[in-house]
Amino acid sequence: MSRQLVVAACLAVAALPVVTAGGSEGRPVRRLRRLARPSTTKRARPTWWPVPAGGPARPSWWPDRIRLGSGLAAVATLVLVGGWPGLFAGVLAGVVADRLLRRFEPRAARARRLREAADLPLAADLLAAALRAGAPVDRSVLAVAEALGGPLADRLGRVGRTLELGGTASESWAHLHPVCGAERLAAAAIRSSDSGAALAGALTRLADDLRSDRATAAEAAARRAGVLIVLPLGLCFLPAFILAGLVPVIVAVLGDVL
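Just so you know, we're using our numbering here: the sequence shown kicks off at 15 and counts up by one.
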């Protein structure tokens, strides 16, 4: 009797998926209602977790990399020193590490800065060409921003839109102040707006000056690199010269004297 119960239970378990599948196929209305019903198994994303357009992001309370690295430095100092002195040393190490790490320029910001400085001479040339063609300043700036692309084009676009909305020259060209070398371009544009002088010639001369300054800076960096290379070479060559040249002579002289 017990064997029969076991076999019947096994058969019932094996037939359960088939019965369920058959019942669901025989009730299409119920299946449609189940599909139309909103899913409750997926948990809603909490409001404190921002979702940008490019994908998920970390929550607002999550520390950034610099703060996380500073915390790890503080914990490492606490473990190495130990005790109450380790606690004070860890706090001090965390604060110092946070201050020092925040002084370093991020890679993205450095790439953006270099790209803006490199595109500035070309932007000045294009703007001068557009002004010589007879276009107004705001339309010329917007046309250059559309043709140039990149991070500098975003700043030029803000300049052009501010000019179109009736902003003053100082307010409009202030968007270029963070760009290295753009303060001369902004000063020339403001001076042209105040005095009515032609801006195209000043922009052409400015583009030539920017290219000359860039070439001078590259040459100075190359010379500085040559000077800096001498230091490790000297540190490697001087001990070898002392060991291979001077030490045998000193040993031989001392051997003859003694």
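Note that the Cβ used here is the ideal one computed from N, Cα and C, for glycine as well. Given the structure is predicted, the values throughout are model-derived calculations rather than measurements.
| query | result |
| --- | --- |
| Is the beta carbon of ALA149 sitting closer than 9 angstroms to the one on GLU160? | no |
| Check whether the Cβ atoms of LEU134 and GLY195 sit closer than 9 angstroms, and answer yes or no. | yes |
| Is DSSP giving PHE102 helix, strand or coil here? | helix |
| When DSSP labels each residue in this structure, what does GLU185 get in the three-state scheme? | helix |
| What are the boundary residues of the alpha helix (DSSP H) that GLY215 is part of? | 214-255 |
| Under 8 angstroms: do the segment 239-252 and the segment 198-216 share three or more Cβ pairs, one atom per stretch? | no |
| Quick one: what does DSSP say PRO120 is sitting in, helix, strand or coil? | coil |
| Under the three-state reduction of DSSP, which class applies to LEU179: helix, strand or coil? | coil |
| Looking at the C-beta of ARG126, does it have a partner C-beta in chain B at a distance below 9 angstroms? | Absent here is chain B; the protein component of the structure consists of one chain. |
| Give me, in chain order, the residues of the same chain whose beta-carbon lies closer than 8 angstroms to that of VAL89; leave out the 5 immediate sequence neighbours on both sides. | GLY104 |
| If you count every other CB in all the chains shown that lies within 10 Å of the CB of LEU177, and 16 or more means buried, which is it? | buried |
| Look at the alpha carbon of THR218 and the alpha carbon of ALA234, and state the distance between them as a whole number of angstroms. | 25 angstroms |
| Which residues bound the alpha helix (DSSP H) around GLY96? | That residue, GLY96, is in no alpha helix (DSSP H); it is neither H nor E in DSSP. |
| Mind checking ASP222: buried by the 16 CB within 10 Å criterion, or exposed? | exposed |
| Between LEU224, LEU252 and VAL110, which has its C-alpha nearest THR294's C-alpha? | Because the chain in this structure spans residues 15 to 272, residue 294 falls outside the shown range and cannot be described. |
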